[in-house]
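Residue numbers (our numbering): 2 to 138. Using N, Cα and C, we set each Cβ at its ideal position, and we do this for glycine too. Predicted, not measured: the structure shown is a model, and the values here were computed from it. Let me begin by presenting the structure, written as structure tokens, before commenting on it.
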Amino acid sequence: MTDVHSPAQRSHNMSRIRSRNTRPEMIVRSAVHRMGCRYRLHDRSLPGSPDLVLPARGKIIFVNGCFWHLHNCRYGRVRPANNAEFWEKKRSDTVTRDRRNRQQLRKQGWQVLTVWECWTRSPDQKLMPQLEKFLID
Ligand SMILES: [Zn+2]
């Protein structure tokens, strides 16, 4: 299929379509579900449309891709060879937005956990301990 969009338009589209229902998200959802928590998905009424909202517990979980959200890990440290400046700005804008969203949510009384995509690669090592710590109390 021919790509009818200019690069600028395409990148705009990509930034608008935040990936939903990704594999990392599904892993987190099923883990949270197994721990007996009820959640809402992608609540657009809250800053940053959090991936999981646990209203009964006042808790919110973001599932962040390491590349897009500049995680300090081997996946997040990848630097694209082309348009390096463009990507650098885009990703640092995302980090700024993430921080602002978390601050606003905390101000509203929510507890916020950021889960990183790389944690879901071997869930027992990082994901599960972090989730348990966050959800139990
Ligand atoms: Zn990572």
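Close Cβ partners of residue 79 (< 7 Å) along its chain, the five nearest in sequence each way excluded: 68
Short Cβ contact (7 Å threshold) for residue 117 with residue 65: yes
Integer-rounded CB distance, given that residue 36 should sit under 8 Å from residue 136: 6 Å
Where the alpha helix (DSSP H) through residue 106 begins and ends: 85-108
C-beta atoms of residue 132 and residue 32 nearer than 7 Å: yes
Assigned exposure category for residue 55 - 16 Cβ within 10 Å defines buried: buried
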